[in-house]
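2 protein chains.
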Amino acid sequence: MKPTIRDVAQKAGVSVGTVSRYLNGLKLREHNRIKVEKAIKELNFKENIIAKGLKNNRSMTIGVVIVSLTDIFGTSIVTALERTVEKENYSIILCDYENDLDRLKYKLQFLRDRSVDALVLFPSIWPNEITESVNDYLRDDIPVVVIDDDFPTLETDKILVDNMNASFQAVEKLIKMGHKRIGIINGHKNSYTSKERYAGYLKALQKYQIDVDEDIIKWGNYSNHGGYSAAKKMLLSYKPPTAIFATNYYMTLGAIAAVQELNISIPRELSIIGFDRFPLSEVIKPTLTLIEQPASRMGRLAGQIILRRLKGDYSDFPIHQQVPTKLLIRDSISSPINS
Amino acid sequence: MKPTIRDVAQKAGVSVGTVSRYLNGLKLREHNRIKVEKAIKELNFKENIIAKGLKNNRSMTIGVVIVSLTDIFGTSIVTALERTVEKENYSIILCDYENDLDRLKYKLQFLRDRSVDALVLFPSIWPNEITESVNDYLRDDIPVVVIDDDFPTLETDKILVDNMNASFQAVEKLIKMGHKRIGIINGHKNSYTSKERYAGYLKALQKYQIDVDEDIIKWGNYSNHGGYSAAKKMLLSYKPPTAIFATNYYMTLGAIAAVQELNISIPRELSIIGFDRFPLSEVIKPTLTLIEQPASRMGRLAGQIILRRLKGDYSDFPIHQQVPTKLLIRDSISSPINS
DNA sequence: TTGTAAGCGTTATCAT
DNA sequence: ATGATAACGCTTACAA
Numbered sequence: 026m027k028p029t030i031r032d033v034a035q036k037a038g039v040s041v042g043t044v045s046r047y048l049n050g051l052k053l054r055e056h057n058r059i060k061v062e063k064a065i066k067e068l069n070f071k072e073n074i075i076a077k078g079l080k081n082n083r084s085m086t087i088g089v090v091i092v093s094l095t096d097i098f099g100t101s102i103v104t105a106l107e108r109t110v111e112k113e114n115y116s117i118i119l120c121d122y123e124n125d126l127d128r129l130k131y132k133l134q135f136l137r138d139r140s141v142d143a144l145v146l147f148p149s150i151w152p153n154e155i156t157e158s159v160n161d162y163l164r165d166d167i168p169v170v171v172i173d174d175d176f177p178t179l180e181t182d183k184i185l186v187d188n189m190n191a192s193f194q195a196v197e198k199l200i201k202m203g204h205k206r207i208g209i210i211n212g213h214k215n216s217y218t219s220k221e222r223y224a225g226y227l228k229a230l231q232k233y234q235i236d237v238d239e240d241i242i243k244w245g246n247y248s249n250h251g252g253y254s255a256a257k258k259m260l261l262s263y264k265p266p267t268a269i270f271a272t273n274y275y276m277t278l279g280a281i282a283a284v285q286e287l288n289i290s291i292p293r294e295l296s297i298i299g300f301d302r303f304p305l306s307e308v309i310k311p312t313l314t315l316i317e318q319p320a321s322r323m324g325r326l327a328g329q330i331i332l333r334r335l336k337g338d339y340s341d342f343p344i345h346q347q348v349p350t351k352l353l354i355r356d357s358i359s360s361p362i363n364s
Numbered sequence: 026m027k028p029t030i031r032d033v034a035q036k037a038g039v040s041v042g043t044v045s046r047y048l049n050g051l052k053l054r055e056h057n058r059i060k061v062e063k064a065i066k067e068l069n070f071k072e073n074i075i076a077k078g079l080k081n082n083r084s085m086t087i088g089v090v091i092v093s094l095t096d097i098f099g100t101s102i103v104t105a106l107e108r109t110v111e112k113e114n115y116s117i118i119l120c121d122y123e124n125d126l127d128r129l130k131y132k133l134q135f136l137r138d139r140s141v142d143a144l145v146l147f148p149s150i151w152p153n154e155i156t157e158s159v160n161d162y163l164r165d166d167i168p169v170v171v172i173d174d175d176f177p178t179l180e181t182d183k184i185l186v187d188n189m190n191a192s193f194q195a196v197e198k199l200i201k202m203g204h205k206r207i208g209i210i211n212g213h214k215n216s217y218t219s220k221e222r223y224a225g226y227l228k229a230l231q232k233y234q235i236d237v238d239e240d241i242i243k244w245g246n247y248s249n250h251g252g253y254s255a256a257k258k259m260l261l262s263y264k265p266p267t268a269i270f271a272t273n274y275y276m277t278l279g280a281i282a283a284v285q286e287l288n289i290s291i292p293r294e295l296s297i298i299g300f301d302r303f304p305l306s307e308v309i310k311p312t313l314t315l316i317e318q319p320a321s322r323m324g325r326l327a328g329q330i331i332l333r334r335l336k337g338d339y340s341d342f343p344i345h346q347q348v349p350t351k352l353l354i355r356d357s358i359s360s361p362i363n364s
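First to last, the sequence lines map onto chains A and B.
Residue numbering for the first sequence follows the working numbering, starting at 26 and increasing by one per position.
Residue numbering for the second sequence follows the working numbering, starting at 26 and increasing by one per position.
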């Protein structure tokens, strides 16, 4: 049997209350402290987090719901988040919902039944459809942090990426290099991030008075295959773009695959700007110009906010923090041939 | 305040014991059952998993320790695992250790302190260094499932991939196509999987009496960059291989990047066989010939074994299940030019 | 500062 | 089949 604080108390010749207080960082009389520490060590005592949780209504777990476990942007954030909260002894229950609304709702309920102390929620296509579920958390004062998505009707902490500007900068860069025909491969038509990124694209075109051409505006659903076929369609069209901007990791890779297949040379014949930094981006030749989202920083931020809320500190609530992106300029862009 | 089983009992006019029994699937007298169900619904009662856990010494969580959250093979398995165990209301606490021994040990301890009901452990470079920690679990009768790794001294359930044969088949295929100079880009020198895959490589060469040449045997540490530089070295050497076999996803992509950079045509000038099926593998041109590991199946298997153990069923303990791989033949291989 | 004891939401034993 | 009640391991008034 695992030793309990009772065993420790007995061995140390003090009461359970004293041991408990020691465990919670309260001061004991010197000689008692020594006895307790000795007993703990000798018995190899570990406190029972579950029992503790029952008493203070805390599970010491944080529910995290991401789109997919194989989504590198999401998991990068989670990695940093975990590092941050583990310091205060929280652990993460990670769930994915594979773009399935029912599954998402189910998971939200599931985590609530498990009494998670906080919730971190990742981009989704249906903020509206799940406000109800999220509201259940808020009603019980369970802190919720939303990552890079829009919950217009709900007051939660949010960490947002400056998607609009990110996109604007990328496209502006291309324009300044002389491109006038810039294609975009964007995500889900009605996701928050896609809309923002699209808006940035339009803004840049407008600023430089470049016509918008629907033929080179594609929706790739944030998938490899989507990026691939979108790129292919554009490049095989009557009037192909001289530059392509892909708005996430998977579509960027997909687009590159298409380009390579068509034997189009980057950046001579086509410039490419992608999204998300990934290990391969420095390996591929030519190295990719891309927008880097500060995933680690976002995870850390989310963790810090949660820890603060969990301590009852709501002084800066609600945080809507917008983090900047970085345009990493590498070799995949150049001026168009006939400019 | 959340309603408790007491509130339900009161509202239904029965005792807490009755409600508890109902909740646990025991039979009640018809009219009682109806009253209880009604009360539960009206109060929107949810049982408290933590309190439950305190009583039966169960946390309803399964600790999963993988190398990295961004490792697609690992996360694919976890996805399937989660699907399997969630049906019985278990959730997963997912940890990664980023190839850091201390972190791994820390995580193992961390999960134990959280009273996980079972442990799933992923390939590591140091099976020996952590037997101690794993033993702590076994001593407390906490089921442990090891995925694709070797714990020679420990009796645990294991799910193994038939790495040796996988590798053998791939190399044999190349040989049969006429290749005599086949390079291998392998993982960590002393990881279990690497050794097995290497052994399969050697076995194939031996069977067909092909000399082993250290110059085209490289260790790429399972990373993109490792694969990239290993491929580059081989291909730029005095006597480059006519075929390359890369033993995981990341190195495969890295190797391809190198090949493309060197403007070597696949499969005309170089055949490539990779490891792990990934979304991009069907997108890239030429499509990749590769060894597919049955990640989903492995996750499901692990989940099923755990659920069985958790029910006390040790009738088939210890399972050392070896799952077969599949060689998916696509366009990236062909006979060498001068054969 | 410390001990005592009630209670967190369940389950399980023992009567009935 | 059901009710009463003592646990599970811990925290926290309250008293000393």
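Ideal placement from N, C-alpha and C gives every residue a C-beta, glycine not left out.
- Judged by their CB atoms, A:L163 and A:V169 are nearer to each other than the 8 angstroms cut-off.
- For A:D138, the enclosing alpha helix (DSSP H) has its first and last residue at L126 to D138.
- Residues of the same chain with a CB within less than 7 angstroms of the CB of A:Y247, apart from the 5 flanking positions on each side, are G212, H213, N273, Y275 and M276 in chain order.
- Rounded to the nearest angstrom, the gap between the Cα atoms of B:S360 and B:I291 is 11 angstroms.
- Comparing alpha-carbon positions, the option among A:I354, A:I235 and A:S216 lying closest to A:G245 turns out to be A:S216.
- A Cβ-Cβ separation of about 5 angstroms places B:V308 in contact with A:N249 under the 8 angstroms criterion.
- Looking at the DSSP output, B:I297 sits in a beta bridge with B:I269.
- In this structure A:Y253 is buried. Its beta-carbon is surrounded by 16 or more other beta-carbon atoms within 10 angstroms.
- Here the alpha carbons of A:S306 and A:L136 stand approximately 36 angstroms from one another.
- Between the alpha carbons of A:N81 and B:I87 lies a gap of roughly 23 angstroms.
- Contact between the segment 125–135 of chain B and the segment 60–72 of chain B is absent: fewer than 3 CB-CB pairs across the two stretches fall below 8 angstroms.
- Secondary structure at A:V169: strand, using DSSP grouped into helix, strand and coil.
- A:E197 has a beta carbon lying at 8 angstroms or more from every beta carbon in chain B.
- The residues I200, in chain order, have a CB closer than 7 angstroms to that of A:Y233 in the same chain once the five nearest residues on each side in sequence are set aside.
- Distance from the Cα of B:F270 is smallest, within the candidate group B:K264, B:N190, B:A280 and B:L261, for B:A280.
- Counting of Cβ neighbours within 10 angstroms places B:Q134 among the exposed residues, the total staying below 16.
- Taking the C-beta atoms as reference points, B:L352 is found no nearer than 8 angstroms to B:D142.
- Within chain B, no C-beta atom comes nearer than 7 angstroms to that of A:S219; the closest sits roughly 19 angstroms away.
- The beta carbon of B:S357 sits closer than 6 angstroms to the beta carbons of I291, P292, I297, P311, L313 and T314 from its chain, once the five residues preceding and following it are set aside; these are given in chain order.
- Among the bridge pairs identified by DSSP, A:E317 is matched with A:K351.
- Of all residues in the segment 280–297 of chain A, only A282, Q285 and E286 place a beta-carbon less than 7 angstroms from a beta-carbon of chain B.
- Taking C-beta separations shorter than 8 angstroms and ignoring five residues to either side along the sequence, the partners of A:D187 in its chain run Q347, V348, P349 and T350, following chain order.
- By DSSP's assignment, B:D121 forms a beta bridge with B:I91.
- Classified as buried, B:Y223 has 16 or more neighbouring CB atoms from the shown chains inside 10 Å of its CB.
- In this structure A:R355 is not in contact with A:T267, their Cβ atoms being roughly 18 angstroms apart against a cut-off of 8 angstroms.
- For A:K310, no beta strand (DSSP E) run applies, since DSSP gives it neither H nor E.
- Between A:I118 and A:V145, the C-beta spacing is not below 8 angstroms.
- Put simply, the backbone Cα of B:R31 is about 17 angstroms away from that of B:L79.
- Per DSSP, A:N188 is one residue of the alpha helix (DSSP H) stretching across N188 to K201.
- Counting C-beta pairs with one atom in each stretch, the segment 38–47 of chain B and the segment 101–118 of chain B have fewer than three that are closer than 8 angstroms, which means they do not touch.
- For A:I209, the enclosing beta strand (DSSP E) has its first and last residue at I207 to N211.
- Here the alpha carbon of A:S262 sits roughly 30 angstroms from the alpha carbon of A:E317.
- Residues of chain B with a Cβ closer than 7 angstroms to the Cβ of A:G38 do not exist; the shortest Cβ-Cβ separation is about 26 angstroms.
- By the neighbour-count definition (other C-beta atoms within 10 Å, threshold 16), B:K264 is an exposed residue.
- Any Cβ of chain B closer than 8 angstroms to the Cβ of A:N160 would place that residue at the interface, and such an atom is absent.
- When C-beta distances to chain B are compared with 7 angstroms, the residues of the segment 84–97 of chain A below that value are S84, L94, T95 and I97, in chain order.
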